[in-house]
Amino acid sequence: MSASVIDQEGLPRPDVSPQEASELARDLFDVDVTSIKELGSQQDRNFLVSDGGQRWLLKVSNPAFSSDEIAAQNAAMERLAAAGLNAPVPVSSPAGFPIHVTSIAGRDHCVRLLTFVDGTPLIDRQHLSPTVLGALGSTLAEAASVLAGFEHPGLERALQWDLRVGEEVVAELLHFVRDPHKRDLLESALSRLRKRLRPLRDELPVQAIHGDITDDNVVFCIDETGGTRIAGIIDFSDTMYSWRISELAVACASVFHHAPEQPLALLPLVKAFNDVLPLTEAEITALWPLIVLRGAVLAVSGEQQIAIDPDNEYASSAIDREWECFNVPASFDWDVAEASIRAAIGQPKTPAEPSPQMVQPMLRTQARTVNLGWDSDSFSEGSWLEGRGQEQRLIDGDLVDAEVLLTRYGEARLTRARPHSELEPINVALAVEVHAKDRQSLYAPFAGSVTFDTQTAVLTLTGTHDTITLQGLSEVPTLPEGLPSTSGILSDSSAPRESRSGTPAARWRTPDRIRPVSSALPSSLATQPCTRTHPSCSQEHLDSSGPKCRRMETPTQCWSAAGEPTTPCKAITTTHRLRSREGGKNISLTRTAATTWTW
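Under this note's numbering, the residues of the sequence shown are numbered 103 to 701, in order.
Structure representation (C-alpha cells):
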C-alpha cells in the first residue's frame, strides 16, 4: 500500500467476472466448475465455486496487497485450524502452489482456492441471545490466544482497518461523508477519542489478530438440541499486527445493529472474552472508545467505497448498518459503558457507591431524601404510570416543607418502568439528583484547583485524589489567576439567563473567593487561616489560641476547603445531577476518586 495510512483513490475490487473466475479455477486449480456464485467483499472478489460435489471459495485479492500479506493470511488460517478452530485453509494447485500470481487488467493479483466453511453468517440472525454472544466472545478469545505467538513479515501492514491508525483514517476520509451533520458527529467523536486513547496507546498489548471477526465473518449452525452453535471463522483478509483489544472492539461494534436500542446487550460477549483472555486495565479503559473508533472507520470507509466503486452492491447495502455501528456507541454515555463493562467482568474501578451523604458537604442547607422507588408510599392508584411528571409532582410537593431534596443512587424507579414491554426497563438511577426550592451555593468540599473549559462549558474542581465536574453551566466568566482562596464557594448570579436551547437556566459564576493559585505563591500563604490542621504545618503556626494553617503541598493546584463534613466520605466515581427549580437547568456533578476523600 502507499506510504499514507490510506490511499485516497481507494481500493476498488478487482475487475473479474464470474466467467473469468471460472476460467481461473479451471486453469490454476484444475476445478471443473459447474456452478459459481459471487459473494460480497469490500475490496476483493470472492466466488463460491463447485464441481458438482465439492465447494470451494475462489478468492482474487486486491492488487494492493502483496504476496507476503497473502501468505500471512494463509499461515494464520492453518494455525487456527491446527488448534481445532474451524477456519478455511488454502488448497494447493496441481503445481503445488497455494498462491498463484496472475495478471488481470495489466496488474498482478494473488489468486487462491480455499476450503469452504459451511454455515450461516450470524448477521442473518435478527436476534443474538446472550448465549450466542457469549459463544462468540469465547471463540474470539480462543482465536486471539492461538494467534498470540504468531509472527510473519506479512503481518506488518499499512491497513485502514488497523485501529492503531484509526483516528488518522477517519480524519483522511471525512470528506467522503456528504452529510454535514454526520461529519460534525464524527469530528466530535474524533476529538473525544484522541483525548481518551492518547494516554493508553503505549500500554495496549500488540499481537497478530484476525482483525475482522464480525457477525458477517462468523458462521453458525443448529445443533442436535436445536441450539445455535458457532461453526467457524472466515475471511482472513485483515489479518495483521495490531492491538489485541481491537479484536474484541471489532466484534462488539458489529452487533449493535441487532439491538440498537440496547447498547449494553454486548456485555455477555465481553465477559466471555475476558473469561478466556483476561483484559488488562488499559484494555478495559480503551475498549468503548475503540468500539466507537471502529464504527467511525466503518462509516467513513463505507462512504469512500461507494464513491469509488458505485457498482459495489455489498458496500452500498452495508452503509446504513455501518453508520449504526458508529451512532449507537458514540451516542451512548462512554463512562456508563466503561462502568458497565467493568461490572460485567468483575473489575469495578471504585469500591463505593454515591449517596446523598456525599452531596451534603457541598451544600449549606440540610437536605432531605425523596423516595421514588417501588417501595415508595407516595405512589397510589397507578400514579407511577404518569412517569416523570409524577416524579416532579412528588418533588414539588416535598419542597413545600424542605429547601433541598436529594434522590437515591441505584434506585429502581417505578415511574421509569415500562409496563407490558419486551425490553428491560431503563429505570435504575445512576446519579444523585439535587432539587432546590431556591438557587443554592455549592461549596468546595476539599482543597484543589478550579478550571473552566469555555468550549464545553464545564467547570472542573481538581483535588489530590478527587475531581468534581459541573456540567450544564449556562455561563461562567474567565477565572482570575494568581490569588489563593480563603473559602470554596460556587454561587449563582442575581438573575436567570436563557440557555442555548431557550430553556431558562441558572446563571452560575465563580466568585473571587475561589481562584487558582499560581506557581509563584505569596510568602504570606503559609499563615493564611484554614479549616483544619494539616500534618505538614510548621510547628510555630500550631498555636492553639490562633487559627490553624495548612501548608500547600502542590501550590499550583490548591484552594482552601470551605468546610468539613461531620463524617469523612469514601471515594467514588459517579455523576450527581443538580437542578434548580427556578432556573430549570440540570447541572451534572461528576466526582472521580482513587481512594478516599481528604479533609
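Glycine is no exception: its CB is placed at the ideal position from the N, C-alpha and C atoms.
All values reported here derive from a predicted model rather than from experimental measurement.
Of the candidates Ile528, Thr569, Asn164 and Ser485, the residue whose Cα lies closest to the Cα of Asp210 is Asn164.
In summary, Gly329 is exposed, with fewer than 16 beta-carbon neighbours lying within 10 Å of its beta-carbon over all protein chains present. The C-beta distance from Val151 to Leu160 rounds to 5 Å, short enough to fall under 8 Å. Restricting attention to Asn414, Ala420 and Ala384, the CA atom closest to the CA of Ala401 is found in Ala420. Residue Leu292 holds the alpha-carbon nearest to the alpha-carbon of Val271 among Lys139, Gln492, Val219 and Leu292. Remark: fewer than three beta-carbon pairs, one from each stretch, lie closer than 8 Å, so the segment 341-352 and the segment 419-436 are not flagged as touching. As the crow flies, the alpha-carbon of Arg181 is around 14 Å from that of Leu257. Spanning the alpha carbons of Pro120 and Arg518 requires a straight line of approximately 56 Å. Contiguous beta strand (DSSP E) elements confined to the segment 426-485 do not occur, taking only those with 3 or more residues. Counting other Cβ atoms within 10 Å of its Cβ, Thr204 stays below 16 and is therefore classed as exposed. 8 Å or more divides the Cβ of Trp476 from the Cβ of Leu507. Ala549 has its alpha-carbon roughly 13 Å from the corresponding atom of Thr562.
Straight-line measurement puts the Cα of Val248 at about 56 Å from the Cα of Phe481.
For Ala310, the enclosing beta strand (DSSP E) covers residues Val308 to Ile311. A distance below 7 Å between beta-carbons, with the five flanking residues on each side excluded, links Ala174 to the following residues of its chain, in chain order: His254, Gly256, Leu257 and Thr341. Counting C-beta pairs closer than 8 Å gives fewer than three between the segment 280-294 and the segment 306-321, which falls short of the contact rule. Ranking Phe218, Pro192, Leu369 and Pro431 by CA distance to the CA of Ser240 puts Leu369 first.
Linking Glu326 to Asn188 through their CA atoms gives a straight-line distance of about 18 Å.
Secondary-structure assignment with DSSP links Met342 through a beta bridge to Ile311.
Inter-residue distance for Leu465 and Ala538 is about 11 Å (C-alpha atoms, whole angstroms). For Lys161, DSSP records a beta bridge to Asn148 and Arg214. With contacts defined as CB atoms closer than 8 Å, Arg157 and Val118 fail to qualify as a contacting pair.
Taking all protein chains in view, the Cβ of Lys139 is surrounded by fewer than 16 other Cβ atoms within 10 Å, so the residue is classified as exposed. Here the C-alpha atom of Asp304 lies approximately 37 Å from the C-alpha atom of Arg214. Its chain contains Ser124, Ala127 and Val151 as the residues whose beta carbon lies nearer than 6 Å to that of Val135, once the 5 sequence neighbours on both sides are disregarded; these appear in chain order. Gln406 and Leu275 have their C-alpha atoms roughly 7 Å apart.
In the DSSP assignment, Ser137 forms a beta bridge with Ser152.
In the DSSP secondary-structure assignment, Arg209 is bridged to Ile206. Under the three-state reduction of DSSP, Tyr416 is assigned to helix.
The beta carbons of Trp263 and Val399 sit closer together than 8 Å. Relative to the Cα of Gln144, the nearest Cα in the group Gly251, Asp568, Arg227 and Pro114 belongs to Pro114.
In this structure, DSSP gives Arg266 a helical state, which the three-state scheme calls helix. The DSSP assignment places complete alpha helix (DSSP H) segments of no fewer than 4 residues inside the segment 221-289 at 232-249 and 268-275, in order along the chain. Here the alpha carbon of Arg470 sits roughly 16 Å from the alpha carbon of Glu513. In this structure, Arg266 places its C-beta atom within 8 Å of the C-beta atom of Trp345. Residue state for Leu295 is assigned as helix, using DSSP reduced to three classes.
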